Amino acid sequence: MAQACGMLGDGSPAVKIHHLVKAPENTAESIARRESWDAKKPATVYVTPERMPDGTPCQAATVILRSRGCAWWWKSGCTFCGYFNDVRDDVTADDLFDQWAEAKNQTNDFEGCSMVKVYTSGTFFEDQENPVEWQEHVLKETHEMGLHLVVEAQAHMCKPEKLEFLAKHHPGCTVAIGLEAYDDAVLRFHINKGFSTKTWRKAVEDLQRNNLRVKTYLIFKPPFMSEGDALNHTSKWLVEVAPLSDEVSINPMNIQNRTIVDRLFRNREYRPPWLWSLIEMIQRTHEETAEHDSRIIVHPTAGGKIRGAHNCGSCDKHVVAAIERYSVSRNLAEFKGLECECKAIWRAEIDSDLCLPTPLGTGRDRRGNRVDLMRAP
Ligand code: SF4
Ligand SMILES: [Zn+2]
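Quick note: the sequence shown, position 300, residue 282 per our numbering, numbers continuous.
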């Protein structure tokens, strides 16, 4: 029989598109990079102003550990997530204890802090990622020190027995879940999230039953989506998830190295969101989200830079500062008087995106001088 060809393929096994574009995690270069990290030292430790669950201002320490990384990433992974760049798959329990001791050392036992965020580039309480004895140690110790603890998790890892374990050793701590989008098609085809909105809702119920706080991350402008769609969708998702969350943090896309979004960006098929879109989203949702107690934070990581949310280059600094101020004050007056010529370009892009049949958008992919851009793609 003649071999199938053309649209039917040539008989070789099918591969998912994801496997064609996934970051090269097992090349010699990637392994060398991972092994260059010191497994005894945390990736980063820093202290920033924050707010306690009751709204009082405080100082918070953020500890990013060099863990084995997210189990989901090793299996498949979210399209935008570059955490794998900072992990080592051979980290031992002893290493994690040492990293934790080093974090305390660097901050003088979290001196002056009322909150600590312990981030492991995955799920804190996933036993394959982090040893149980280490999880228990961190939970107990931060509780004894009177610190409010924030950890991160995937929704399907929030199993009842794990949440009980958390509530037992650190009652009332916050679990932050990267939901990213409140839409199953977007979760599946744009983000490759690995869980559904139904799983997230179940996780929220279980967290609340255990008196744990719910923090939800949403992403602004996933790949394969126009600016106009991102604005409409994220505004809708924000209003929908706010009543179910104690805190919602909207993360405008920033391009992390060697991710799928990075490939699209370098291929000139993706532009991070406009800062104007973030303001428009805040203004559209302000009243509805204010009805709930949940806190809304918009923090443009790398704001104003080419790989973060940005405008034309000349107004970025002021616009980023206003967005940051709003996250603290929740006052729309922060945006008064912010104007720039680029706002008309942004507005035209949104209008075209929403009325022309161009699912990937109508905007220019990069800012800057066109000739320079052509020389250095
Ligand atoms: S975003 Fe979270 S769930 Fe997705 S690959 Fe990264 S660490 Fe894992
Ligand atoms: Zn501008």
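For glycine and all other residues, C-beta sits at the position ideal for the given N, C-alpha and C. All values reported here derive from a predicted model rather than from experimental measurement.
The beta-carbon separation of PRO153 and ASN193, rounded to 7 Å, stays under the 8 Å limit for a contact. A straight-line Cα-Cα distance of about 9 Å links ALA158 and GLU229. Taking 8 Å as the cut-off, the beta carbon of LEU260 is found closer than this to the beta carbon of VAL280. Taking the Cα positions, ASP91 is about 33 Å away from MET235. A distance criterion of 7 Å places the beta-carbon of TYR65 in contact range of ligand 1, judged by its closest non-hydrogen atom. The Cβ-Cβ distance between PRO24 and ARG33 does not fall below 8 Å. In the structure shown, the three-state DSSP call for LEU131 is strand. Looking at HIS130, ALA326 and VAL45, the one whose alpha-carbon comes closest to that of GLY37 is HIS130. According to DSSP, ARG195 shares a beta bridge with THR156. Judged by DSSP secondary structure, ALA42 falls within the beta strand (DSSP E) whose first and last residues are 39 to 46. In the three-state reduction of the DSSP assignment, ARG70 falls in the coil class. Here the distance from the Cβ of ASN293 to the nearest heavy atom of ligand 2 is below 7 Å. When only Cα atoms are considered, GLU115 and ILE232 end up about 33 Å apart.
Note that the stretch 66 to 73 does not touch the stretch 125 to 145; fewer than 3 beta-carbon pairs, one per stretch, sit closer than 8 Å. Assignment of beta-bridge partners to LEU200 by DSSP yields GLU162 and ILE232.
GLN117 and GLU123 have their C-alpha atoms roughly 10 Å apart. In this structure, LEU145 sits near LEU189, with a CB-CB distance shorter than 8 Å.
Taking a C-beta distance under 8 Å as the contact criterion, VAL29 and GLN41 qualify as a contact pair.
For CYS324, the CB falls within less than 7 Å of some heavy atom of ligand 2.
Taking the Cα of ASP165 as reference, the smallest distance to any Cα among ASN214, TRP54, TRP82 and SER296 is reached at ASN214. For LYS325, the enclosing alpha helix (DSSP H) has its first and last residue at 324 to 337. Residue environment: SER276 is assigned as buried (16 or more neighbouring CB atoms within 10 Å of its CB, all protein chains considered). Nearest to PHE107 by alpha-carbon distance, out of VAL98, MET139 and GLU93, is MET139.
Taken through DSSP and simplified to helix, strand or coil, PRO225 comes out as helix. From the listed residues LEU121, LYS99 and TRP54, the smallest Cα separation to GLU111 is found for TRP54. In the structure shown, ARG266 adopts helical secondary structure according to DSSP, grouped into three states. In this structure, the straight-line span from the alpha carbon of LYS180 to that of VAL353 is close to 48 Å.
For the options VAL223, THR156, GLU251 and HIS119, the alpha carbon positioned closest to that of GLY345 is the one of GLU251. DSSP, read as helix, strand or coil, puts MET34 in coil.
In the assembly as shown, GLY59 is a buried residue. Its beta-carbon has 16 or more other beta-carbons within 10 Å. Between LEU257 and ASP298, the CB-CB gap stays under 8 Å. Per the coordinates, the alpha-carbon of SER309 lies some 10 Å from the alpha-carbon of ILE264. The beta carbons of LEU161 and LEU200 sit closer together than 8 Å. Within 10 angstroms of the beta-carbon of ARG48 lie 16 or more other beta-carbons, which makes it buried. Residue range 277 to 280 is occupied by the beta strand (DSSP E) that includes ARG277.
Nearest Cα to GLU269 within the set PRO225, LYS287, CYS294 and VAL301: PRO225.
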